[in-house]
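A short write-up of the structure that comes next.
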Amino acid sequence: MSNELHARPLGITALIIFFLAGTLISFVAAVSLLVPSPFFESMWHVNPRGHDGLVRIGLWGVALLLAASISCGAAAIGLWLRARWGHGIAVALITINLLSDFANAVMGTEPRAIVGVPIAFALLLYLLRKRVRAFFKPGS
Numbered sequence: 001m002s003n004e005l006h007a008r009p010l011g012i013t014a015l016i017i018f019f020l021a022g023t024l025i026s027f028v029a030a031v032s033l034l035v036p037s038p039f040f041e042s043m044w045h046v047n048p049r050g051h052d053g054l055v056r057i058g059l060w061g062v063a064l065l066l067a068a069s070i071s072c073g074a075a076a077i078g079l080w081l082r083a084r085w086g087h088g089i090a091v092a093l094i095t096i097n098l099l100s101d102f103a104n105a106v107m108g109t110e111p112r113a114i115v116g117v118p119i120a121f122a123l124l125l126y127l128l129r130k131r132v133r134a135f136f137k138p139g140s
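Those letters in the sequence shown? Residues 1 to 140, per our numbering, in order.
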């Protein structure tokens with residue numbers, strides 16, 4: 001194998017950072033639902049409807065956010081390790097995001113979610129490129 005296949009693509013590095021941010025943000029959001037405090041309140045000004053929905057479903061909201069945090073963390077670690085399973089988790093998470101953004105926009109739940117559709121689509125196209133897939137270790 002050439003060094004070109006061993007060098008981490010910039011796009012993969014960006015996705016690792018993206019998934020690490022998702023890990024931290026979803027974990028802090030879960031904690032904020034478990035331990036409501038003024039310290040956490042300001043972060044929910046960005047998405048008050050999301051907060052209300054998560055509060056309404058109680059501990060299931062916390063579980064959902066913790067599952068998102070763990071999944072994002074697994075994707076970040078897998079991408080860092082060049083593991084095929086990390087690539088698969090990243091593709092799955094971005095696909096779920098694309099579908100949920102599309103559904104939210106079409107159903108009118110969150111019309112602004114349509115902005116995420118082309119972004120998620122572009123990320124999927126990037127991750128599914130042959131050269132990007134070749135970066136990940138076979139059999140891992």
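Glycine included, every Cβ here is placed at the ideal spot set by N, Cα and C. It should be emphasised that the depicted structure is a prediction, and the values quoted were computed from it without experimental measurement.
query: Taking only three categories from DSSP, how would you classify A7?; result: coil
query: Could you give the distance in angstroms between the alpha-carbon of G24 and the alpha-carbon of R82?; result: The question names Gly, but residue 24 is Leu in the sequence shown. Spanning the two alpha carbons is a distance of roughly 21 Å.
query: Find the nearest neighbour of A162 within the set L124, F27, N104, judged by alpha-carbon distance.; result: Here the chain comprises residues numbered 1 to 140, so residue 162 is not present and cannot be evaluated.
query: Could you compute how far the alpha carbon of P138 sits from the alpha carbon of H87?; result: 11 Å
query: Checking the sheet assignment: what are the DSSP bridge partners for A83?; result: K137
query: Nearest to S119 by alpha carbon, out of V62, S100, H6, L33?; result: For clarity, residue 119 is Ile in the given sequence; the question names Ser instead. Considering only alpha carbons, the answer is S100.
query: Which of the three DSSP states, helix, strand or coil, is assigned to P36?; result: coil
query: Taking L127 as the reference, which of H6, G11, A7 has the closest Cα?; result: G11
query: Among A103, V106, A105, I94, which has the Cα closest to the Cα of A122?; result: I94
query: Going by the CB atoms, is the gap between A75 and I96 shorter than 8 Å?; result: no
query: Quick check: the Cα distance between F40 and W80, rounded to an integer number of angstroms?; result: 30 Å
query: Check whether the segment 17 to 35 and the segment 65 to 73 touch, using three or more Cβ-Cβ pairs below 8 Å as the test.; result: yes
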